[in-house]
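Chains as they are written, first to last, in this note's numbering: chain Z, 1 to 201; chain R, 1001 to 1171.
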């Protein structure tokens, strides 16, 4: 119920905001003025920082969820420690994906001279939005992936402590979960291919 | 504030790729959140159930596979959108295209989020119940298929919306 309300709010805030602007007779040329003067370097910086920041948050979240269950279960069954470090490594890989994509994105950022009125050319604006999209997609997808891998890894550790044949089977579930981070990286690389500040336009 | 002069070279459609890329991003991100929730919740159920009945674990991976498919749906729409955003001087990318892509991405993504939540909760309860009563397996699969169909509706609408881009009538 709460999720339903949150989802509706997330979807309806923008149209209600625009309706409010229309009713208040706000000059929408100012909104375009705002977008025109926001440098594409802001969008690209935001994208790159979200990419590495959110990926690391996802990895960290997964690591502490798995790690706390692992050390707790290992009190009674110390044999599970070395095998279940695989789950921790799956979470760490998520952070590595974020770092790789962030490094790729930052090589795309080149200095470009703006026009006389301060706006940027077509290629530069497109590149700014592309890097924002690529960074956000990788960051948020890795956040979800790290969280999911962490929860499944925690279950793997606890069930491994109870029954040692279960670890490999639960690992299959974890592999499905880690594929989500790879999807984010794929889309990030595809979008980054569109980004070029110095393309001829 | 100075008024917009006649020599400004910025014509507004430069902002349209923002909506396009945000649409592609939201397609994948929300689908991934749904897939992550489905995988994690079902995974916890499978692991708990497997302690008592290890032989049923491989059969109970079905909810996890169905949750993974949601990520694929988001990937499809995100690839379709992001390969169609090419803003060059001879091929314009209007606000029409930007909004169409934004709508396509949100449609597919949020549908995947909802379907993932459904698959997770049904999968968790289903595998635990299947361990106690084996006749429930077919019933669990049927419910999971209905939940997966929700994400498929989002994919269909997303593809239809994304195909509208590029059909704008220029002024």
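Glycine residues also receive a C-beta, built at the ideal position from the N, C-alpha and C atoms.
Legend entry - Where residue 1004 (chain R) falls: helix, strand or coil (DSSP): Within the second chain, the letter at position 4 stands for residue 1004 (chain R). Low confidence applies here, because residue 1004 (chain R) scores a pLDDT of 39, under 50, leaving its location unreliable; read the following figure in that light. DSSP places residue 1004 (chain R) in coil when its eight states are reduced to three.
Inset, instruction - List the residues of chain Z that residue 1087 (chain R) touches, going by C-beta distances under 7 Å, in chain order. - result: Your numbering for residue 1087 (chain R) matches position 87 in the second chain. Within chain Z, the residues near residue 1087 (chain R) are 122 and 126.
Legend entry - chain Z contact for residue 1132 (chain R) (CB, 8 Å cutoff): Within the second chain, residue 1132 (chain R) is the residue found at index 132, counting from 1. No, no contact with chain Z.
Inset, instruction - Put residue 97 (chain Z) into one of helix, strand or coil per three-state DSSP. - result: Taking the first chain and counting its residues from 1, one reaches residue 97 (chain Z) at position 97. Residue 97 (chain Z) falls in the helix class under three-state DSSP.
Legend entry - Buried or exposed by the 16-neighbour rule on C-beta atoms within 10 Å, applied to residue 1055 (chain R): Numbered from 1 along the second chain, position 55 holds the residue referred to as residue 1055 (chain R). So residue 1055 (chain R) ends up on the exposed side.
Inset, instruction - Grab me the residues of residue 1017 (chain R)'s own chain with a C-beta within less than 8 Å of its C-beta, minus the 5 sequence neighbours each way, in chain order. - result: Counting from one through the second chain, the residue named residue 1017 (chain R) turns up at place 17. Result list for residue 1017 (chain R): 1085, 1087, 1093 and 1098, in chain order.
Inset, instruction - Report yes or no: is there a C-beta of chain Z within less than 8 Å of the C-beta of residue 1006 (chain R)? - result: As a position in the second chain, residue 1006 (chain R) is number 6, starting the count at 1. Confidence in residue 1006 (chain R) is poor, its pLDDT being 35 and thus under 50, which makes the residue's placement too unreliable to answer from.
Inset, instruction - Using only alpha-carbon positions, find the residue among Z:85, Z:69 and Z:126 that is nearest to residue 38 (chain Z). - result: Residue mapping note: residue 38 (chain Z) aligns to position 38 of the first chain, counting from 1. When only C-alpha atoms are compared, the closest one is Z:126.
Inset, instruction - List the residues of chain R that residue 84 (chain Z) touches, going by C-beta distances under 9 Å, in chain order. - result: Your numbering for residue 84 (chain Z) matches position 84 in the first chain. Ordered by position in chain R, no residue passes the 9 Å Cβ test against residue 84 (chain Z), which lies about 12 Å from the chain.
Inset, instruction - For residue 7 (chain Z), I'd like the list of residues in its chain whose CB is within less than 6 Å of its CB, leaving aside the five on either flank, ordered along the chain. - result: Position 7 of the first chain, counting from 1, holds the residue named residue 7 (chain Z). Excluding sequence neighbours, residue 7 (chain Z) sits near nothing in its chain.
Inset, instruction - Taking 8 Å as the threshold, find out whether the region 164-182 of chain Z comes into contact with the region 1066-1083 of chain R through three or more Cβ pairs. - result: Under the three-pair Cβ rule at 8 Å, the region 164-182 of chain Z counts as touching the region 1066-1083 of chain R.
Inset, instruction - Please name the residue, chosen from R:1154, R:1116 and R:1080, that lies closest to residue 1063 (chain R) on a Cα-to-Cα basis. - result: Here residue 1063 (chain R) refers to the residue found at position 63 of the second chain. If we check each option's Cα against that of residue 1063 (chain R), R:1116 comes out closest.
Inset, instruction - Using the Cα positions of residue 1150 (chain R) and residue 113 (chain Z), report the straight-line distance between them to the nearest angstrom. - result: Translated into the one-based positions of the second chain, residue 1150 (chain R) becomes position 150. Translated into the one-based positions of the first chain, residue 113 (chain Z) becomes position 113. Looking at the two C-alpha atoms, the distance is approximately 48 Å.
Inset, instruction - Note down, in chain order, every chain R residue with its Cβ under 8 Å from the Cβ of residue 145 (chain Z). - result: Position 145 of the first chain holds residue 145 (chain Z). Those are 1032 and 1036, listed as they occur along chain R.
Inset, instruction - Go through its chain and collect everything with a Cβ distance to residue 1141 (chain R)'s Cβ below 7 Å, but skip five positions before and after it. - result: Position 141 of the second chain holds residue 1141 (chain R). Taken in chain order, the residues that qualify are 1062.
Inset, instruction - Starting from residue 67 (chain Z), find everything on chain R with Cβ-Cβ shorter than 7 Å and list it in chain order. - result: Counting from one through the first chain, the residue named residue 67 (chain Z) turns up at place 67. By Cβ distance, chain R contributes nothing, its closest Cβ being about 16 Å from residue 67 (chain Z), past 7 Å.
Legend entry - Contact with chain R by residue 81 (chain Z), beta-carbon distance below 8 Å: Indexing the first chain from 1 puts residue 81 (chain Z) at position 81. With 8 Å as the cut-off, residue 81 (chain Z) does not count as an interface residue toward chain R.
Inset, instruction - Tell me, to the nearest whole angstrom, how far the beta carbon of residue 144 (chain Z) is from that of residue 1033 (chain R); I am working on the premise that it is less than 8 Å. - result: Numbered from 1 along the first chain, position 144 holds the residue referred to as residue 144 (chain Z). Numbered from 1 along the second chain, position 33 holds the residue referred to as residue 1033 (chain R). Going by Cβ atoms, the distance from residue 144 (chain Z) to residue 1033 (chain R) rounds to 5 Å, so yes, they are a contact pair.
Inset, instruction - Check whether the region 53-67 of chain Z touches the region 150-166 of chain Z, counting contact only when three or more Cβ pairs, one atom from each stretch, lie closer than 8 Å. - result: yes
Legend entry - Option in Z:161, Z:108, Z:182 and Z:139 with minimal Cα separation from residue 193 (chain Z): On the first chain, residue 193 (chain Z) is found 193 positions in, with the first residue counted as 1. Residue 193 (chain Z) has its Cα closest to that of Z:108, out of Z:161, Z:108, Z:182 and Z:139.
Inset, instruction - Grab me the residues of residue 1143 (chain R)'s own chain with a C-beta within less than 6 Å of its C-beta, minus the 5 sequence neighbours each way, in chain order. - result: Position 143 of the second chain, counted from the first residue, corresponds to residue 1143 (chain R). If we look at residue 1143 (chain R) and ignore the five residues flanking it on each side, its Cβ neighbours are 1122.
Inset, instruction - Report yes or no: is there a C-beta of chain Z within less than 8 Å of the C-beta of residue 1168 (chain R)? - result: As a position in the second chain, residue 1168 (chain R) is number 168, starting the count at 1. So no, residue 1168 (chain R) is outside the interface.
Inset, instruction - Take residue 152 (chain Z) as the anchor and find which of Z:61, Z:40, Z:52 and Z:124 has the nearest alpha-carbon. - result: Along the first chain, read from residue 1 onward, the residue named residue 152 (chain Z) stands at position 152. The residue with the shortest Cα to Cα distance from residue 152 (chain Z) is Z:61.
Inset, instruction - Determine, using beta carbons only, whether residue 165 (chain Z) comes closer than 8 Å to chain R. - result: Sequence index remark: in the first chain, residue 165 (chain Z) carries index 165 (1-based). By this cut-off, residue 165 (chain Z) is an interface position.
Legend entry - Within-8 Å CB hit, residue 159 (chain Z) to chain R: Here residue 159 (chain Z) corresponds to residue number 159 of the first chain, with the count starting at 1. With 8 Å as the cut-off, residue 159 (chain Z) counts as an interface residue toward chain R.
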